[in-house]
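All the letters of the sequence shown, read from the start, carry residue numbers 52 to 330 under my numbering.
Even for Gly, the Cβ is constructed at its ideal location relative to N, Cα and C.
This structure is a prediction, so every number in the text was calculated from the model and none was measured.
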Amino acid sequence: MRLVQISDTHLSHLGGITTANLGRIASWVNATFHPDLIVNTGDIVAASPDQPLDRAWALQVHAAFQAPVVYLPGNHDVGEPGSVPWKGLAITSERVAAHCDVFGPDRFAARHSEWLVIGINSELLGSGLDEEDDQWRWLEDQLAEPGPARVLLFSHKPLWLPRTTPSEAALSIPDRSRQRIMTLIGERLAAVGCGHLHRYRRRPRPEATGPLEVWAPSTGFIGQTETESPYFEQLGVVEWHLDGNAVNAWFRAPADLDEREGTSIDEMVRTVADLDAVG
Ligand SMILES: [Fe+2]
Ligand SMILES: [Fe+2]
């Protein structure tokens with residue numbers, strides 16, 4: 052099974068660089084990879100979960116991919132849990148419903164011989180919403196079904212904190228939720244693919260013996276949060292192969308992406324300014 056993970060597409064109905072970059076990636080993926088599935092690990096829309104025009108635009112832009120696409124929400128799609136969400140944008144049932152109305156379910160499971168590929172809505176974890184309970188029950192049901200021995204998990208936020216010192220921003224899934232996931236999946240967990248950090252990194256976690264952890268690069272813009280090296284700060288995608296019992300992942304990128312910081316992209320600056328005006 053061959054998957055392409057895209058992430059942090061940050062698409063605005065105003066168009067611009069993030070839209071142009073995803074268009075280039077779609078043409079190149081179609082011509083080069085022929086994946087079975089494309090997984091968008093969230094932050095699909097520019098920055099605001101309350102801008103329906105961005106959702107409609109993003110869905111339209113993704114139609115350029117020939118392979119089926121599944122969409123996991125990020126903090127910019129549905130808000131986030133915790134006491135200090137970015138710009139006060141907390142996850143709510145209404146925001147989750149608005150996302151799902153356009154992009155379909157906020158989680159997915161796909162089975163392929165030895166493999167169970169699972170995608171979750173990381174923003175629900177620690178939210179206390181009814182939808183969080185639903186997702187835990189669903190995850191337990193998926194894992195209880197007989198069949199695949201190995202699990203590849205996709206999520207917007209990383210499972211582990213991407214730095215050794217605490218962060219003001221919510222950079223990962225809450226500790227208690229991570230522990231519950233690890234207990235549920237156990238040794239079947241072979242690999243985890245996340246987004247959110249706008250940086251690529253690939254390494255086993257813990258070192259050498261644990262599941263493969265891959266941070267996907269953004270397709271939209273570089274530079275966002277303070278992590279610690281080693282990481283790779285360029286735009287691109289992750290190519291995943293599931294072959295027998297083996298899993299592997301590679302950074303891939305076409306040659307024609309426009310690599311900029313979000314703060315130098317007009318559509319991003321305008322979207323954030325609109326949020327500040329509302330807040
Ligand atoms: Fe992002
Ligand atoms: Fe994010």
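Is the beta carbon of residue 212 less than 8 Å from the beta carbon of residue 166? Reading the sequence shown from its first residue, position 161 is the one you call residue 212. Reading the sequence shown from its first residue, position 115 is the one you call residue 166. No, Cβ-Cβ distance for residue 212 and residue 166 is not below 8 Å.
Pick helix, strand or coil for residue 232, following the three-state DSSP scheme. In the sequence shown, the residue the question calls residue 232 occupies position 181. Reduced to three states, the DSSP call for residue 232 is helix.
Near ligand 2, which residues have their beta-carbon closer than 5 Å to a heavy atom? 94, 125, 126 and 247
Nearest to residue 282 by CA position, among 265, 231, 208 and 297, is which residue? Within the sequence shown, the letter at position 231 stands for residue 282. Closest by alpha carbon: 265.
To the nearest angstrom, how far is the alpha carbon of residue 81 from that of residue 112? Residue numbering aside, residue 81 sits at position 30 when the sequence shown is read from its first letter. Residue numbering aside, residue 112 sits at position 61 when the sequence shown is read from its first letter. Those two C-alpha atoms are separated by around 14 Å.
Excluding sequence positions up to five away, which residues of its chain have a Cβ less than 6 Å from the Cβ of residue 25? Lying before the first or after the last residue shown, residue 25 is absent from the chain, which here runs from 52 to 330.
Is residue 164 near ligand 1, in the sense that its beta carbon is under 7 Å from a heavy atom of that ligand? Residue 164 sits at position 113 when you count from the first residue of the sequence shown. No.
Enclosing alpha helix (DSSP H) for residue 264 [first to last residue]: Taking the sequence shown and counting its residues from 1, one reaches residue 264 at position 213. First-last for residue 264: 263-266, but that is the beta strand (DSSP E), not the alpha helix (DSSP H).
Measuring only from the beta carbon, is residue 113 closer than 7 Å to any heavy atom that is part of ligand 1? To locate residue 113, count along the sequence shown from 1; it is residue 62. Not under cutoff, so the answer is no.
Any 3 or more C-beta pairs closer than 8 Å across the region 206-226 and the region 159-173: yes
Is the closest heavy atom of ligand 1 to the C-beta of residue 173 under 7 Å? Residue numbering aside, residue 173 sits at position 122 when the sequence shown is read from its first letter. No, since every heavy atom of ligand 1 falls outside the 7 Å radius drawn around the Cβ of residue 173.
First and last residue of the uninterrupted alpha helix (DSSP H) at residue 103: What you label residue 103 is simply residue 52 of the sequence shown in a count that begins at 1. Looking at the DSSP string, the run of the alpha helix (DSSP H) that includes residue 103 is 103-113.
Length of the line joining the Cα atoms of residue 233 and residue 140: On the sequence shown, residue 233 is found 182 positions in, with the first residue counted as 1. On the sequence shown, residue 140 is found 89 positions in, with the first residue counted as 1. So the two alpha carbons sit approximately 28 Å from each other.
Give the C-beta separation of residue 199 and residue 162 to the nearest angstrom, bearing in mind that I take them to be a contact with Cβ-Cβ under 8 Å. Translated into positions along the sequence shown, residue 199 becomes position 148. Translated into positions along the sequence shown, residue 162 becomes position 111. Residue 199 to residue 162, Cβ: 6 Å. Contact.
Just to confirm before moving on: does the CB-CB distance between residue 326 and residue 144 stay below 8 Å? As a position in the sequence shown, residue 326 is number 275, starting the count at 1. As a position in the sequence shown, residue 144 is number 93, starting the count at 1. No. Outside cutoff.
Which parts of the region 201-255 are runs of the beta strand (DSSP E), unbroken and 3 residues or longer, counting only runs that do not cross its ends? 201-206, 240-245 and 252-255
So does residue 181 have its beta carbon nearer than 7 Å to some heavy atom of ligand 1? In the sequence shown, counting from the first residue as 1, residue 181 sits at position 130. No, Cβ of residue 181 sits at least 7 Å from all heavy atoms of ligand 1.
Residue 287 and residue 272 closer than 8 Å at C-beta: Within the sequence shown, residue 287 is the residue found at index 236, counting from 1. Within the sequence shown, residue 272 is the residue found at index 221, counting from 1. The answer is no: Cβ separation not under 8 Å.
Could you please give me the residues that DSSP links to residue 91 through a beta bridge? For the purposes of this step, residue 91 is taken as residue 40 along the sequence shown, with counting starting at 1. Paired residue(s): 57 and 122.
Following the continuous beta strand (DSSP E) through residue 301, name the residue where it begins and the one where it ends. Reading the sequence shown from its first residue, position 250 is the one you call residue 301. Note, residue 301: beta strand (DSSP E), 297-303.
Assumed close pair residue 75, residue 305 - CB separation to whole angstroms, cut-off 8 Å: To locate residue 75, count along the sequence shown from 1; it is residue 24. To locate residue 305, count along the sequence shown from 1; it is residue 254. Rounded, the Cβ-Cβ distance is 6 Å, consistent with contact.
Contacts around residue 182, its chain only, beta-carbon distance under 7 Å, and the 5 residues preceding and following it disregarded: Within the sequence shown, residue 182 is the residue found at index 131, counting from 1. Counting only Cβ-Cβ distances below 7 Å, and skipping sequence neighbours, we find 144, 147 and 175.
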